[in-house]
Amino acid sequence: MEANPFTAWNLGMIPMISGAKTRSISAENPTGAPGSGAMAEPEPEPDGRANPARVLGKGWKARPFIGIAAGATATLADIEGPGVIQHIWITTRPEAYRTCVLRCYWDGETEPSVEVPLGDFFACGHGLRTLVNSMPIVVNPVGGFNSYWPMPFGQSCRITIENQGEEFLRLLFYQITYALTDVPADAGRFHAQWRRSMTSRDCPEHVIVDGLEGRGHYSGTYLAWTQLSNCWWGEGEVKFYIDDDTAYPTICGTGTEDYVGGAWCFAEGGQPPQVYSTPFLGLPLARQIAGEAPRYGMYRWHIPDPIRFERKFRATVQALGWWPGHRFQPLTDDIASVAYWYQIEPHAPYPVFPPMDERWPR
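Taking my numbering, the leading residue of the sequence shown gets 1188, the next gets one more, and so forth.
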């Protein structure tokens, strides 16, 4: 039995030898071509600084990063398939987490299948560095972004980062490792979409994703929640509307902290919320600082329990707290989310991506 790169998470498959070809793209090998790494000449850095490798010369870390001008888009990967992206590592300054937009295009698409602010894609919302120790997303000290989401493609793959900020981004380090291999006909393409809304008392509900069309399965949610009311904020249910659901969903949870595998407000005896980060569930951020609105980051990866759909899909989360007299209080909170899923292409058009003034972290 030959190994398959799609089964790499199965430890029992590690000894099996595969015919897939391993390639890796970085600033030191922008094309990923064999024998083409570390070939850069030690030229001055993008901002004019002298290159640290100017004495050692070619082959000695002469181009470990790139810079992106304000308003410019850098193509990190442009690959001919078939193949599968296996690991993405990126690091940059926190100021770029919401100003830079990560996009992925599969098989010649003109519209992206992934369109998410850089930090939020790696479960670092609010423009804040957060340690994450999960299976598909890992964020290590200090701000080392890692994605292990398998991203198959047939004919081609293109990955870009756009700097929508007003300043030159001097330091963007990255490495994208992939396998050139046959891709099964039933392999869905990876998708991720970012949304943000301010809930209201009239409509205390945030739409995580809507308008999905086609056949696939929902694979994960990241929520960056800014609390704008006193006391507890997480009584709202997470709901999944599958195929022919209309007013009422097929899947309905019991509370926001319950959805990410926690319980009882994440806290014990009046203490602050306890952060945690596990393979599939986590609250890695619970920031409560005097003078700031409380901010939370949480995730649930539907890897062992994907939510399958045949035609349509929609997901929402309510923003509910408590009023006196044991009554639910509809809340006005600031909620941003990333929805992750796989589906057979083509995908339905995404909403217009929000401009910078709608993405600034509060």
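Glycine included, every Cβ here is placed at the ideal spot set by N, Cα and C.
- Message: Which of the three DSSP states is assigned to Glu1400 in this structure?
- Response: Residue numbering aside, residue 1400 sits at position 213 when the sequence shown is read from its first letter. It is a strand residue.
- DSSP-derived helix/strand/coil call for Pro1192: By 1-based counting over the sequence shown, the position of residue 1192 is 5. The DSSP-derived three-state label of Pro1192 is helix.
- Query: Taking contact to mean at least 3 C-beta pairs separated by less than 8 Å, is the segment 1293 to 1300 in contact with the segment 1436 to 1451?
  - Reply: Under the three-pair Cβ rule at 8 Å, the segment 1293 to 1300 does not count as touching the segment 1436 to 1451.
- What is the DSSP secondary structure of Phe1515, reduced to helix, strand or coil? Translated into the one-based positions of the sequence shown, residue 1515 becomes position 328. Strand.
- Task: Would you identify the three-state DSSP class for Tyr1537, choosing helix, strand or coil?
- Result: The residue given as residue 1537 occupies position 350 in the sequence shown. Reduced to three states, the DSSP call for Tyr1537 is coil.
- Query: In chain order, what residues of the same chain have a beta carbon less than 6 Å from the beta carbon of Cys1287, not counting five sequence neighbours either side?
  - Reply: Within the sequence shown, the letter at position 100 stands for residue 1287. Closer than 6 Å at the Cβ level, and outside the excluded window around Cys1287, lie Leu1305, Ile1348 and Asn1350.
- Cut-off 6 Å between Cβ atoms - residues of its own chain near Gln1516, not counting five sequence neighbours on either side: Taking the first residue of the sequence shown as position 1, residue 1516 is located at position 329. Excluding sequence neighbours, Gln1516 sits near Gly1508, Trp1509 and Trp1510.
- Query: Mind checking whether Trp1381 and Val1539 have CB atoms under 7 Å apart?
  - Reply: Here residue 1381 corresponds to residue number 194 of the sequence shown, with the count starting at 1. Here residue 1539 corresponds to residue number 352 of the sequence shown, with the count starting at 1. One thing to note: Trp1381 has its Cβ no nearer than 7 Å to the Cβ of Val1539.
- Query: For Glu1497, does the count of other Cβ atoms within 10 angstroms reach 16, so buried, or fall short, so exposed?
  - Reply: Residue mapping note: residue 1497 aligns to position 310 of the sequence shown, counting from 1. Exposed, since its Cβ has fewer than 16 Cβ neighbours within 10 Å.
- Message: What does the Cβ neighbour count give for Val1329, buried or exposed, with the cut at 16 atoms within 10 Å?
- Response: Mapped onto the sequence shown, residue 1329 falls at position 142. It is exposed - the Cβ of Val1329 has fewer than 16 other Cβ atoms within 10 Å.
- Message: Let me check understanding here. Comparing Cα to Cα, which of Gly1224, Arg1316, Ile1255 and Trp1276 lies closest to Glu1232?
- Response: The residue you call residue 1232 lines up with position 45 of the sequence shown. Residue Ile1255 is the option with its Cα nearest to Glu1232.
- Message: From the DSSP secondary-structure annotation, give me the bridge partner or partners of Ser1211.
- Response: Here the question's residue 1211 lines up with position 24 in the sequence shown. Answer is Thr1364, bridged to Ser1211.
- Message: Does the contact criterion of 3 or more C-beta pairs under 8 Å hold for the segment 1382 to 1399 versus the segment 1484 to 1494?
- Response: no
- Message: Does the segment 1458 to 1477 come into contact with the segment 1361 to 1380, if we say contact requires no fewer than three beta-carbon pairs (one atom in each stretch) closer than 8 Å?
- Response: At 8 Å Cβ cutoff, the stretches do not touch.
- Item | Proximal residues to Arg1210 (C-beta, below 7 Å), its chain only, five neighbours per side dropped | Mapped onto the sequence shown, residue 1210 falls at position 23. Closer than 7 Å at Cβ, skipping near neighbours: Gly1219, Tyr1365 and Leu1367.
- Thr1443 (DSSP reduced to helix, strand or coil): Taking the sequence shown and counting its residues from 1, the one referred to as residue 1443 is at position 256. Residue state, collapsed to three classes: helix.
- Task: Classify Asp1307 as helix, strand or coil using the three-state DSSP reduction.
- Result: Along the sequence shown, read from residue 1 onward, the residue named residue 1307 stands at position 120. Asp1307 falls in the helix class under three-state DSSP.
- Message: Can you check which of these residues, Thr1194, Ile1212, Ala1480 and Lys1499, is closest to Ala1411 by C-alpha distance?
- Response: Here the question's residue 1411 lines up with position 224 in the sequence shown. Nearest of Thr1194, Ile1212, Ala1480 and Lys1499 to Ala1411, Cα basis: Ala1480.
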